[in-house]
Structure formats: structure tokens, C-alpha cells
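Heads up: the sequence shown is residues -4 to 254, going by the working numbering.
First the structure, in the form of C-alpha cells, and then the observations on it.
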Amino acid sequence: MNVLAFDIETIPDVAGGRKIYDLEGLSDADVATAMFNKRREKVGNEFLATHLQKVVAISAVYRNLHQDKFSIWTLGEETSSEKEIVQNFFDGIDKHTPTLVTWNGSGFDLPVLHYRSLINGVRAPRYWETGEDDSNFKWNNYLSRFHSRHTDLMDVIAGYNNRAFAPLDEIAVLLGLPGKMGMSGSKVWAQFKDGQIGAIRDYCETDALNTYLVYLHWQYVRGNLTDDGLLREHEVVKQALANGEPHLQEFLGVWTADA
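Take a look at the structure:
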């Protein structure tokens, strides 16, 4: 197992909004409001298109079973630029070539990262490899929907049927996991405006944790983990949470209370 389960958090790309909608002279907050309004007029909701989402956090859970490694972290620092965060993510793929695990990563996280890498000039040769330089990537790469090098759990578990898609929070709760614990991506912009970058990063880590733990349950039903194997992997996570930051200990407390 060489797995990187990750999640991203985004805010409106107000610099891009100014250019596209000719909103020079308006504050960031007013530009964002205009972007939300235009989106609502177009599609009936305020969820911005992927190319107008700016990355403010990428959190990951990394598990390498062969090297007995387990890590939970958020890339970069609170002061890191978007380019630094995105570059850090793709550099990790170049170095470790993990299996990427997401919930709706094909529909949101990866398209956003594609656009942000394009806009920021972030090179990611390993990620974009499809067999030209490494034949192993011809039939298993990060880009093809039905390849396992990127496993979008929402897509796979729904049988690639978008009518059967389910929210991560609800699936996590059904499995006895903490879920989002009252937070959601819709609150990130308000937190960002209030300078609560740390809280955003903490929330992003809990989403990555939920994703990874759902992945373990999926590996179990596939027959890739035994009963004892699943319990062992849960204990690895619990030990890391017990020794982690307060928000990770809170996650552990909710998880064990619901067990």
C-alpha cells in the first residue's frame, strides 16, 4: 500500500474574476459577491466553476505499508502561496508515485488542480504521464477514469453512475466515522476573510482523514484487508491522532465515542 488520500479547500479566484468580469476597482469581497451572483444567475447556485477556484489548502493522509509510514499533514505553511502549495503536491507525486485517493476528486479536486497548475506554471511530468516515457502508465495513469492510480471513491463505489453519487459526510457517518463535525466547504470563504487559515487547514485534514478511512473500509469489502488487517490499520490511524494536534484528538474523540 502506497496511498495518498487528499482533499483541497478553495476560495473564489478574485484576481481571475476581476479579469473575466471587468471588475477592476472593487474589493476582493465585492468581486467574490459578484462572482457568486453571476454563477447563481447562470446555474442556480453559487458554487463557482472549477477554473475560478483558488487553492488555499491541500491536506493529505499518506500510508506506505511496506515502509511502515503514516502521516497526516497540510502542505506548505499558512503563509504559502497557491503556487507553492500546488507545486508541493505535484512534487510529492513525482517523488513517491502514490495511488491517489479522493472523494469526488475527478469531479472537483483534480480539475481544480489542473487549472491552478496551468495558471501558476506548475510542472508535473509524473502526474501527466500516460505511457510516453514510462510504459507502466499506459494502462494505469492518473488521468483515466477507470484506472486505479487515481481512485475516486465516490465514483467507483457508485459504479460510475452519477445518479448514485453520495456525500462524503453521510458515508463517513454511516461507517461510524466523525464526518465533517459541523464544518463544510461552504464556510471556507467566510473563514478566509476572517483570517482563519489555520482552521481551514485543520478542517481540510479531517476531510482527508474521512476519505482515507472510507478507503480502508472499501479495501476491506474488496478482500484486500482482513478483519485483523482493518483493525490494525485503524489502530495506526488512532495512534497518530492521539499524538496529534488538538483538532486531530477531537476527531479521534468523536470517532471512538461513536464506535
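Glycine included, C-beta positions come from ideal geometry on N, C-alpha and C.
Check whether the stretch 80 to 98 and the stretch 114 to 129 are in contact - that is, three or more C-beta pairs closer than 8 Å. yes
Less than 7 Å between the beta carbons of residue 125 and residue 136, yes or no? yes
Using beta-carbon positions only, say whether residue 78 and residue 115 come within less than 7 Å of one another. yes
Tell me which same chain residues have a C-beta within less than 8 Å of the C-beta of residue 233, skipping the five on either side of it? 247, 250 and 251
Figure out for me which residue from 239, 2, 43 and 67 has the closest Cα to the Cα of residue 56. 67
Contact check, residue 212 vs residue 170, beta carbons under 7 Å: yes
Boundaries (first-last residue) of the beta strand (DSSP E) holding residue 147: 145 to 147
Check for me: the beta strand (DSSP E) holding residue 68 runs from which residue to which? 64 to 69
Report yes or no: is there a C-beta of chain B within less than 7 Å of the C-beta of residue 106? Looking for chain B here will not work: only one protein chain is present.
Do you know how far the Cα of residue 95 is from the Cα of residue 140? 12 Å
In this structure, does DSSP put residue 41 in helix, strand or coil? coil
Beta-carbon proximity of residue 9 to residue 25, cut-off 7 Å: no
Hey, how far is the Cα of residue 256 from the Cα of residue 156? Residue 256 is absent from the structure shown; the chain starts at -4 and stops at 254.
Any idea what DSSP makes of residue 228, helix, strand or coil? helix
Look at the alpha carbon of residue 165 and the alpha carbon of residue 174, and state the distance between them as a whole number of angstroms. 7 Å
Among all the DSSP beta bridges, which residues are the ones paired with residue 57? -1 and 66
Selected residue, minimal CA-CA separation from residue 16, among 5, 0, 203 and 34: 34
Under 7 Å, do residue 6 and residue 51 count as touching if we go by C-beta distance? yes
Contained alpha helix (DSSP H) runs [length at least 4] in the stretch 86 to 146, N- to C-terminal order: 105 to 115 and 120 to 123
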